[in-house]
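Colleague:
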Amino acid sequence: MRHFGVALVALIFPSLVSANDLDEAAKRGRDALLTRAFNPPVWSMFGYDSVWKYWQPALKEAPKEYDESLREHYGFHAAPYENGRLPMGLRESRGFFGKGITTDCMLCHAGSIMGKSYVGLGNASLDVHAFFEDFNRTLGTSGRLPFTFSNARGTSEAAGMAVYLLEHREPDLKLRFKKHDFGLRDDLCEDVPAWWLLKKKKTMYYTGTSHARSVRSIMQFMLVPGNGLAQFEKEEATFADIQAYLLSLEAPKYLFPIDKNLAETGQKIFNNTCARCHGTYGEKWTYPNKIIPIDEIGTDRNRFDGLSRSLGEFYNKSWFGQEKEYGPVSEPKGYQAPPLDGIWATAPYFHNGSVPTLAGVLNSKSRPKIFTRSFKTDEEAYDKVNIGWKVQILDNAPDQTLPAYERRKTYDTTQPGRSNQGHTFGDDLTDEQRRAVIEYLKTL
Ligand code: HEC
Ligand code: HEC
12 MRHFGVALVA LIFPSLVSAN DLDEAAKRGR DALLTRAFNP PVWSMFGYDS
62 VWKYWQPALK EAPKEYDESL REHYGFHAAP YENGRLPMGL RESRGFFGKG
112 ITTDCMLCHA GSIMGKSYVG LGNASLDVHA FFEDFNRTLG TSGRLPFTFS
162 NARGTSEAAG MAVYLLEHRE PDLKLRFKKH DFGLRDDLCE DVPAWWLLKK
212 KKTMYYTGTS HARSVRSIMQ FMLVPGNGLA QFEKEEATFA DIQAYLLSLE
262 APKYLFPIDK NLAETGQKIF NNTCARCHGT YGEKWTYPNK IIPIDEIGTD
312 RNRFDGLSRS LGEFYNKSWF GQEKEYGPVS EPKGYQAPPL DGIWATAPYF
362 HNGSVPTLAG VLNSKSRPKI FTRSFKTDEE AYDKVNIGWK VQILDNAPDQ
412 TLPAYERRKT YDTTQPGRSN QGHTFGDDLT DEQRRAVIEY LKTL
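First residue of the sequence shown? That's 12 in the numbering used here, and the numbers climb one at a time after it.
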């Protein structure tokens, strides 16, 4: 009877059912993630409304359609949940001195494609460096950040941020006067992995060095000065719920027609050439959870080399590493071959976002060297032939006299951390075979 009821609801309200099917922990996690702030307020609504004054080229007055212009300027996306005028990633927060604005996980972990916003899709449009700099300037500061948050729009130095935050803590999370030196770098360039992949993974992060069910690990972005051990301990159960929600997310389905016969041919090639690392798909999926040695995968090695041993040792001694069973991180051995569910929606590709389309992933010789794109996510911006983002190929690196905001719009694969080499597993296929594999990848 109950199942019949669910089926009936499914017919009428397809989107409601997934919500009904969420177990209690996942529901609590979704509510916490989408309604609560875990960091104290930093900026004001007045700052939000006046931040356009720092845009370049300078504007004479606030742009019309202000919220939309602001989203486009920084690469934010409209919130599909109640969030006032704020985009996904920003949120109203209450602190000691009253209300204000802070950031949340969706800053990086929510994106949009074909005009639709998704929690869990990595944000591939964001200029996170410009966002923090400009918003900090609304506080009357120089805006200069203590570390590089991004060198190329759509990517970030998120691991660098975690290093920076940990450098200022004792193992029991007390703030330190004199910071540790964990060898913070500014060239680890990271794309954001889709949250819906987590459920298949036993290990997580690009190097697979953390247990994929670690709760404390995903609380690292709470390490802002206003949060101490008490807040971390208080919110650990909430983050266990948030994790349950992340584990319930599903990849969105490809939105355009698929050539079924071609996809079937592609599936055979995929199963012969790719499945040993990326697994198989469909109802009885398999996922081998492999970490591929760095020399074998050959993609940019900065993220692999970039987190020091002293950082790992500190982490394992700290509150984070002391989480029962799941806490400690291991030494990196290579990059984890990710599951490819929803791969059509998660361009650009590789851990550093160096390849804008699947066609490029499958043919290393066709990868563009220096390129830019619109950073929009509508149908116009999407490349339905090569699958990924349409790019404009450039002859030269950006002119150093341009404002940094403009320079970050160019992805230059000759720069440290941004190499587009390696993963040559599709190179020996014929063009026709590659077409077929791409057609199959659309179905995942
Ligand atoms: C500044 C951008 C940013 C913010 C904010 C952020 N993340 Fe992430 N997140 C990333 C990046 C980049 C990675 C990949 C890191 C790596 O592997 O080095 C990642 C990885 C993860 C992963 C592992 C995914 C996988 O499959 O390996 C989880 C889970 C996660 N983040 C959860 C969260 C949660 C929960 C929050 C909020 C408390 C959060 N993140 C805030 C950028 C961010
Ligand atoms: C030996 C193992 C291995 C084989 C074989 C392999 N891959 Fe990969 N693949 C990886 C690893 C590891 C990565 C992550 C590399 C990185 O991010 O630097 C990856 C990344 C990818 C990505 C990008 C994922 C993302 O989210 O950015 C795609 C797409 C992909 N592979 C498709 C394929 C296809 C299609 C084949 C078969 C033609 C294939 N791979 C064969 C190991 C493999």
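Cβ atoms here follow ideal geometry from the backbone N, Cα and C, with glycine treated the same way. Everything numeric in this text was worked out from a predicted model, so none of it was measured.
#1: Taking C-beta to C-beta, are PHE193 and LEU322 nearer than 8 Å?
#2: From LEU156 to GLU144, what does the alpha carbon distance come to, in whole angstroms?
#3: Assuming the contact rule is C-beta atoms closer than 8 Å, LEU209 and LEU258 should be a hit. Round their C-beta distance to whole Å, please.
#4: Terminal residues of the continuous alpha helix (DSSP H) containing GLY171?
#5: When you compare only the Cα positions, how much space is there between LEU455 and GLU294?
#6: Within 8 Å, do at least three Cβ pairs link the region 401-412 to the region 166-182?
#7: Would GLY317 pass as a contact of ALA170 if the rule is Cβ separation under 8 Å?
#8: Can you list, in chain order, the stretches of the alpha helix (DSSP H) that have 4 or more residues and sit fully within the region 254-339?
#9: GLY364 and ALA135 - do their beta-carbons sit closer together than 8 Å?
#10: If you draw a straight line from the C-alpha of ASN300 to the C-alpha of LYS380, how long is it?
#11: Which residues mark the beginning and the end of the beta strand (DSSP E) in which LYS75 is found?
#12: Grab me the residues of THR249's own chain with a C-beta within less than 7 Å of its C-beta, minus the 5 sequence neighbours each way, in chain order.
#13: Classify TRP355 as buried or exposed, calling it buried when 16 or more other Cβ atoms lie within 10 Å of its own Cβ.
#14: Could you work out which residue in GLY154, MET230, ALA255 and TYR256 is closest to LYS245 when comparing CA atoms only?
#15: To the nearest angstrom, how far is the alpha carbon of VAL28 from that of ARG196?
#16: With a Cβ-Cβ cutoff of 8 Å, do ASP138 and SER153 count as a contact?
#17: Identify which residue in HIS191, ARG164, ARG187 and GLY165 has its Cα closest to the Cα of VAL174.
#18: What does DSSP give as the partner residue(s) for TRP54 in the beta ladder?
#19: If we call anything under 8 Å between Cβ atoms a contact, is ALA348 one with ARG445?
#20: Can you check which of these residues, TYR451, GLU72 and TYR77, is closest to LEU273 by C-alpha distance?
#21: Counting only the same chain and skipping the five closest in sequence on each side, list residues whose C-beta sits under 7 Å from that of HIS84.
#22: Under the assumption that TRP54 contacts PHE146 (Cβ atoms under 8 Å), give the Cβ distance between them as a whole number of angstroms.
#23: If you check the beta carbons only, do LEU351 and ILE449 fall under 8 Å apart?
#24: With DSSP as the reference, please indicate the residues paired to MET215 in a beta bridge.
#25: How many angstroms separate the CA atom of LEU440 from the CA atom of ASN397?
#26: Could you work out which residue in ILE124, PHE87, GLY100 and ARG96 is closest to LEU45 when comparing CA atoms only?
#27: Suppose the cutoff is 7 Å on Cβ atoms and the five residues either side in sequence are ignored; what does the same chain contact list for ARG6 look like?
#28: Can you check DSSP and say which residues form a bridge with GLN403?
#29: Within 7 Å: the Cβ of TYR129 and any heavy atom of ligand 1?
#30: Who are the near neighbours of ALA18 in its chain, counting only those whose CB is closer than 7 Å to its CB and skipping five residues on each side?
#31: Which value, in whole angstroms, describes the spacing of the CA atoms of ALA266 and PHE107?
#32: Use the C-beta contact count for ALA3: other C-beta atoms within 10 angstroms, 16 or more gives buried, fewer gives exposed.
#33: Tell me, to the nearest whole angstrom, how far the beta carbon of PRO359 is from that of ASP202; I am working on the premise that it is less than 8 Å.
#34: For ILE269, which of TYR77, ASP423, LYS453 and PHE232 has the nearest alpha-carbon?
#35: Would you list the one or two residues that DSSP bridges to GLN347?
Modeller: Looking at the atomic coordinates:
#1: Taking 8 Å as the cut-off, the beta carbon of PHE193 is found closer than this to the beta carbon of LEU322.
#2: Those two C-alpha atoms are separated by around 7 Å.
#3: About 6 Å; that satisfies the 8 Å criterion.
#4: Segment 169-178, the alpha helix (DSSP H) holding GLY171.
#5: If you take the alpha carbons of LEU455 and GLU294, they lie about 11 Å apart.
#6: These segments do not touch.
#7: The answer is yes: Cβ separation under 8 Å.
#8: Within the region 254-339, the complete alpha helix (DSSP H) segments of 4 residues or longer fall at 271-284, 286-289, 305-308, 313-316 and 320-328, listed in chain order.
#9: Their beta carbons are under 8 Å apart, which means ALA135 touches GLY364 by this criterion.
#10: Counting only the Cα atoms, LYS380 lies some 30 Å from ASN300.
#11: Per DSSP, LYS75 belongs to no beta strand (DSSP E) and is neither H nor E.
#12: Correct list, in chain order: ALA43.
#13: Counting C-beta atoms within 10 angstroms of its own C-beta, TRP355 has 16 or more neighbours from the protein chains shown and is therefore classed as buried.
#14: Measuring from the Cα of LYS245, the nearest candidate turns out to be MET230.
#15: The predicted model places VAL28 with a pLDDT of 42, which falls under 50 and marks its position as unreliable, so this point remains unresolved.
#16: Cβ atoms of ASP138 and SER153: not closer than 8 Å.
#17: For VAL174, the closest C-alpha among the options HIS191, ARG164, ARG187 and GLY165 is that of HIS191.
#18: DSSP output for TRP54 lists ILE112 as bridge partner(s).
#19: Their beta carbons are not under 8 Å apart, which means ALA348 does not touch ARG445 by this criterion.
#20: It is TYR451.
#21: Within its own chain, the residues whose Cβ lies closer than 7 Å to the Cβ of HIS84, once the five positions on either side in sequence are excluded, are TRP66, listed in chain order.
#22: Approximately 5 Å separates the beta-carbon atoms of TRP54 and PHE146; this is inside 8 Å, confirming the contact.
#23: Against a cut-off of 8 Å, the Cβ pair of ILE449 and LEU351 comes out as no contact.
#24: In the DSSP assignment, MET215 is bridged to SER221.
#25: Each residue's Cα considered, the two are about 16 Å apart.
#26: When only C-alpha atoms are compared, the closest one is GLY100.
#27: This structure does not reach residue 6, given that the chain is present from 12 up to 455, and the question cannot be answered.
#28: DSSP lists THR383 as the beta-bridge partner residues of GLN403.
#29: Incorrect: TYR129 has no Cβ contact closer than 7 Å to ligand 1.
#30: Since pLDDT at ALA18 reaches only 44, below the 50 mark, its modelled position is unreliable, and the value read off the structure follows with that caveat. Cβ neighbours of ALA18 beyond the five flanking positions: none.
#31: Going by the sequence as given, residue 266 is Leu instead of Ala. Straight-line Cα distance between these residues: approximately 46 Å.
#32: Examination of residue 3 is not possible in this model, given that the chain is present from 12 through 455 alone.
#33: That belief holds up - the Cβ atoms of PRO359 and ASP202 are roughly 6 Å apart, short of 8 Å.
#34: Nearest Cα to ILE269 within the set TYR77, ASP423, LYS453 and PHE232: LYS453.
#35: GLN347 has ILE302 as its beta-bridge partners, per DSSP.
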